[in-house]
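K.L.:
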Amino acid sequence: MTDPIDRPAESTRLQILRAASHQFAYRSYSLVSLDDILADAEVTKGAMYFHFRSKHALALAIVDHQVSRARAAVNDLLSRKLSGLETIIDISFLLAVHDIGDEVARAALHLLESIGRTDGVQAKVLGDWMNAFAVIVERAIEEGDIVEQRDPADVSRLLVALYLGIRQTSNPDEPERFLVDLEKLWAMALPGFANPNRIPYLTQFIRRRTALAIDKTTSAVPNAL
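Here our numbering is used: the first residue of the sequence shown is 466, the next is one more, and so on.
#1: Indicate whether A490 and E608 have their beta-carbon atoms separated by less than 8 Å.
#2: Considering only the beta carbon of each residue, do P656 and I565 sit closer than 8 Å?
#3: Which term fits L523, buried or exposed, when burial requires 16 or more other beta carbons within 10 angstroms of its beta carbon?
#4: Beta-carbon within less than 8 Å of A654's beta-carbon, same chain only, minus the 5 sequence neighbours each way: which residues are those?
#5: Report the option in L629, H487 and E603 whose CA atom is closest to the CA atom of A504.
#6: Cβ-heavy atom distance between L627 and the ligand SAH below 7 Å?
#7: What is the residue span of the alpha helix (DSSP H) that T614 lies within?
#8: Around the C-beta of E648, are 16 or more other C-beta atoms found within 10 angstroms, so that it is buried, or is it exposed?
#9: Going by the beta-carbon positions, is the gap between G549 and D610 smaller than 8 Å?
#10: With a 10 Å radius around its C-beta and 16 neighbouring C-beta atoms as the bar for buried, classify K589 as buried or exposed.
#11: Could you check if M466 is buried or exposed, using at least 16 other CB atoms within 10 Å of its CB as the buried criterion?
#12: Hey, is the stretch 575–588 in contact with the stretch 522–538, meaning 3+ C-beta pairs nearer than 8 Å?
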């Protein structure tokens, strides 16, 4: 249980994270100043430095915070007992929905691209992401959805690369287009590793997930910290 004395401090910390995420979600790291964040958060510079020693440290805290949130969301998906490949498809659409409507998620992905290489943060986060996918891919191979000849590490690397690539070539600010582009990528990727007998079903599954994601993004997606 959180000590009541710590609650105001934690509230202020989350307030700063939320404000910084709002800035980094829509502007590049280099264009966001501490003054911008302080004005958005409505806190003093002293409060900022009590929690974060620099803009860089604050940016890394956003990435860490989103990694924790994403891990919880993925664990929730895993508890639904879908097949391995269905679970990975669901994770990709969950990422997309959050990228579209959740400023913390979008800011964290932007920051991974812009400053993640400097401290090895990008390599660690993406490495953990690929390792987690590889475990699920192994299950999908056992279930017969992915052909045995495919290396789980190669498939997981491909899927992570596909999502990071769609962020560069499509636009989360155009939700329907972004989600349809993700669906098209899945349709093109599946023949490279999926069991041919399962592709018709998986294609329909992806189409349903696209429609559900579009429905979710037609209304405001809560930006909960």
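Even for Gly, the Cβ is constructed at its ideal location relative to N, Cα and C.
Remember, predicted model here, so these are calculated numbers, not experimental data.
P.N.:
A quick look at the data gives this:
#1: Sequence index remark: in the sequence shown, residue 490 carries index 25 (1-based). Sequence index remark: in the sequence shown, residue 608 carries index 143 (1-based). For A490 and E608, no; Cβs fall outside 8 Å.
#2: Residue numbering aside, residue 656 sits at position 191 when the sequence shown is read from its first letter. Residue numbering aside, residue 565 sits at position 100 when the sequence shown is read from its first letter. Their beta carbons are not under 8 Å apart, which means P656 does not touch I565 by this criterion.
#3: Position 58 of the sequence shown, counted from the start, is the residue given in the question as residue 523. The residue in question, L523, is buried, as its Cβ has 16 or more Cβ neighbours within 10 Å.
#4: Indexing the sequence shown from 1 puts residue 654 at position 189. L623, L624 and L627, listed in sequence order.
#5: Start at 1 with the first residue of the sequence shown, and residue 504 comes out as number 39. Taking only the C-alpha atoms, the option nearest A504 is H487.
#6: Annotation note on the ligand SAH: not contained in the displayed structure, which lists no ligands.
#7: Here residue 614 is taken as the residue at index 149 of the sequence shown, counted from 1. Looking at the sequence shown, residue 614 is not Thr but Gln. Q614 -> no alpha helix (DSSP H), and no H or E assigned at all.
#8: Working through the sequence shown from its first residue, we reach residue 648 at position 183. It is buried - the Cβ of E648 has at least 16 other Cβ atoms within 10 Å.
#9: Translated into positions along the sequence shown, residue 549 becomes position 84. Translated into positions along the sequence shown, residue 610 becomes position 145. Going by C-beta atoms, G549 is nearer than 8 Å to D610.
#10: Locating residue 589 in the sequence shown gives position 124, where the first residue counts as 1. Answer is exposed; the Cβ neighbour count stays below 16.
#11: For the purposes of this step, residue 466 is taken as the residue at position 1 of the sequence shown. With a pLDDT of 40 at M466, under the threshold of 50, the predicted position of this residue should be treated as unreliable, and no value is reported.
#12: yes
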